[in-house]
Structures are given as C-alpha cells and as structure tokens.
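Numbering (full-length UniProt numbering), first residue to last: 1 to 141. These notes are about the structure you will find just below.
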C-alpha cells in the first residue's frame with residue numbers, strides 16, 4: 001500500500017492589495033493562504049502554502065470603534081515596561097505590524113507557525129521588491 005506524500009516543490013507568490021479591506025477579512029485570507037488550506041492536497045503537518053506580499057498596509061480599514069478601542073500591548077523587559085498603544089497610533093506609526101500581528105495570531109503556534117511567519121511580506125506603500133518572483137494578484141472579496 002502506497003502512502004500519499006504531497007508535493008512540496010511548488011511555491012507560489014501572491015500579491016494582496018489591502019486598500020479599503022477590513023483587517024480581519026484580510027488576515028483570515030492571508031493566514032489561510034500561507035497555511036496552504038486552499039490546496040486540494042492540504043496536509044496540516046507540512047508547510048506548503050504560498051508566499052504572500054501585502055501592499056498598501058497603511059490603507060487597511062478597522063470597522064466600528066476599533067481604531068480607538070483596540071489596544072496593542074508589548075513588554076520592554078524592564079520593570080514597569082508595559083507599553084500600550086491604540087490601533088490608530090499603531091497604524092500611523094507602523095502599519096505593517098498591525099497586519100502581521102493579526103495574521104500571526106491566526107497561524108499555528110510552535111515551530112511550524114514560526115516557520116510560516118517568514119512567508120508574509122508586508123509593505124506600507126504600493127511598491128514591493130518581490131517583482132522578480134512574478135507574484136499573481138489575489139482579489140479580496
């Protein structure tokens with residue numbers, strides 16, 4: 001009896017335009033794509049997803065009152081070093097991190113999830129340095 005081993009040699013590159021797209025909808029699409037769940041031969045223990053390039057991260061939309069109520073926290077490592085910032089401030093300072101934070105929370109935790117993190121490339125503006133990989137455009141519905 002032969003066991004089926006999915007081919008892992010196919011690595012596609014996809015470009016997603018984040019302009020006027022809700023953050024959660026964008027993050028679920030990207031996480032699913034990085035994980036490889038769109039493939040018919042999806043296997044949970046093998047990394048076989050696509051590389052995703054996100055452009056226009058600064059134009060992503062947060063619905064409702066999330067711009068002022070959603071709070072991102074981080075710890076500096078020093079006593080009393082808990083730093084917080086709202087989503088409005090985070091989008092103004094570093095819009096790439098907002099999308100990365102949303103997507104990384106949807107990926108598996110552990111060694112495999114950390115390896116998947118490298119497949120996400122986020123850029124605040126319209127341009128990206130991955131044109132040599134010939135990425136295909138992916139529309140967000």
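By construction, the Cβ of each residue, glycine as well, lies at the ideal position given by its N, Cα and C atoms. Keep in mind the model is a prediction, meaning the values are calculated, not measured.
#### Entry: CB of residue 57 within 7 Å of CB of residue 30, strictly
Taking 7 Å as the Cβ cut-off, residue 57 and residue 30 do not qualify as a contacting pair.
### Unbroken beta strand (DSSP E) run spanning residue 112, endpoints
Here residue 112 belongs to no beta strand (DSSP E); instead the alpha helix (DSSP H) covers 111–117.
### Query
Sorted by chain position, which residues of the same chain lie with C-beta nearer than 8 Å to residue 26's C-beta, five sequence neighbours on each side aside?
The residues 16, 18, 54, 60, 99, 102 and 140, in chain order, have a CB closer than 8 Å to that of residue 26 in the same chain once the five nearest residues on each side in sequence are set aside.
### Query
Cβ of residue 110 less than 7 Å from any chain C Cβ?
Annotation note: the requested chain C is absent from the structure, which comprises a single protein chain.
### Task
Please work out which residues of its chain come closer than 8 Å, Cβ to Cβ, to residue 70, disregarding the five sequence neighbours upstream and downstream, and give them in chain order.
Correct list, in chain order: 62, 86 and 87.
### Task
Would you please state the rounded distance, in angstroms, between the beta carbons of residue 12 and residue 41? I believe it to be under 8 Å.
Residue 12 to residue 41, Cβ: 14 Å. No contact.
#### Entry: Extent of the continuous alpha helix (DSSP H) run through residue 25
Annotation for residue 25: the continuous alpha helix (DSSP H) segment containing it runs 23–35.
### Query
Straight-line CA distance for residue 10 to residue 38?
If you draw a straight line from the Cα of residue 10 to the Cα of residue 38, it is about 13 Å long.
### Query
Between residue 120 and residue 34, what straight-line distance do the alpha-carbon atoms span, to the nearest angstrom?
Their backbone Cα atoms lie some 8 Å apart in a straight line.
### Query
With respect to the alpha helix (DSSP H) encompassing residue 147, which residues constitute its N-terminal and C-terminal limits?
Outside the shown range of the chain, which is 1 to 141, sits residue 147, and nothing can be said about it.
### Task
Rounded to whole angstroms, what's the CA-CA distance from residue 22 to residue 112? Just pull it up for me.
About 27 Å.
### Query
Helix or strand or just coil, what does DSSP make of residue 126?
Residue 126: coil per DSSP, three-state reduction.
### Message
Helix, strand or coil, according to DSSP, for residue 68 in the structure here?
### Response
Three-state DSSP puts residue 68 in a helix.
### Best match in 110, 124 and 105 for proximity to residue 93 [C-alpha to C-alpha]
Residue 124 is the option with its Cα nearest to residue 93.
### Task
Please determine, among 78, 96, 117 and 110, the residue with the shortest C-alpha to C-alpha distance to residue 104.
Among 78, 96, 117 and 110, the Cα nearest to that of residue 104 is on 117.
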